[in-house]
Amino acid sequence: MALLSTEDVLNKTFQSVKFREGYDQVEVDEFLDEVVETIYALQVENTELKQKLEAAQLRVEELEGSESGSAPAPVVAEPVEEVKPEPEPEPEPAPAPAPVAAAAPTSTPEDATSMLALAQRVHDEYVRDGREEGERIIAEAREEGSKIVAEAEDKRDSILNQLDVDRGMLEGKINELKSFEAEYRTRLREQLQSFLSEVAN
Numbered sequence: 000m001a002l003l004s005t006e007d008v009l010n011k012t013f014q015s016v017k018f019r020e021g022y023d024q025v026e027v028d029e030f031l032d033e034v035v036e037t038i039y040a041l042q043v044e045n046t047e048l049k050q051k052l053e054a055a056q057l058r059v060e061e062l063e064g065s066e067s068g069s070a071p072a073p074v075v076a077e078p079v080e081e082v083k084p085e086p087e088p089e090p091e092p093a094p095a096p097a098p099v100a101a102a103a104p105t106s107t108p109e110d111a112t113s114m115l116a117l118a119q120r121v122h123d124e125y126v127r128d129g130r131e132e133g134e135r136i137i138a139e140a141r142e143e144g145s146k147i148v149a150e151a152e153d154k155r156d157s158i159l160n161q162l163d164v165d166r167g168m169l170e171g172k173i174n175e176l177k178s179f180e181a182e183y184r185t186r187l188r189e190q191l192q193s194f195l196s197e198v199a200n
């Protein structure tokens, strides 16, 4: 799974919901800022490791080149200087140190190679850790987004239920007022008719 870049996170859009009472815009913005900072730090570490790896490779090439150019020199010079002052046959084993001196440059490339392998291993570990961290951050972001959506839906359902209750209460009051109005009109009509009858008599 590819890691998100800084632009991917900055350009990410979220679907708006109908009711926003349960949506904290500031909290989401702060979380996205943390995601951007984390991904940027991983990219910086990855770039630095690549630069170190390239430098180590160049160092190995330099050491291998110096080994091929400097190895024969001590073999020719050292035996000539040591044999001249001592005519006895005993100093003849003196050239033996020459291979030892030549062995020094051969061990250095090996160390550089092991250092290169170590740098490559560290680089792979950082890349793996960065990928795992990125996947973890994305999973947390999705979980947080799902939580926000669920809270918004619960809030919406609660509001709709309350509106239904309020509507039922209002309809009940309206029916009571209509009944009262009808009863009042009936009584008023009866009283007027009774009054008119008394006046006529």
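All residue numbers for the sequence shown refer to numbering that gives the first Met the number 0, where the first residue is 0 and numbers rise by one. Every residue, glycine too, gets a C-beta built ideally from N, C-alpha and C.
Within its chain, find whatever has a CB closer than 7 Å to the CB of ILE136; leave out the 5 residues flanking it on each side and keep chain order.
VAL34, THR37
Quick one: using the 10 Å Cβ neighbour count with 16 as the cut-off for buried, is GLY129 buried or exposed?
buried
Can you give me the C-alpha to C-alpha distance between GLU47 and ILE147, rounded to a whole angstrom?
GLU47 and ILE147: Cα-Cα distance of roughly 37 Å.
Inspect the beta-carbon positions of GLN56 and LEU115 and report whether they are closer than 8 Å.
yes
Buried or exposed, going by whether 16 or more other CB atoms sit within 10 Å of the CB of LEU41?
The residue in question, LEU41, is buried, as its Cβ has 16 or more Cβ neighbours within 10 Å.
Tell me, to the nearest whole angstrom, how far the beta carbon of PHE30 is from that of GLU143; I am working on the premise that it is less than 8 Å.
7 Å
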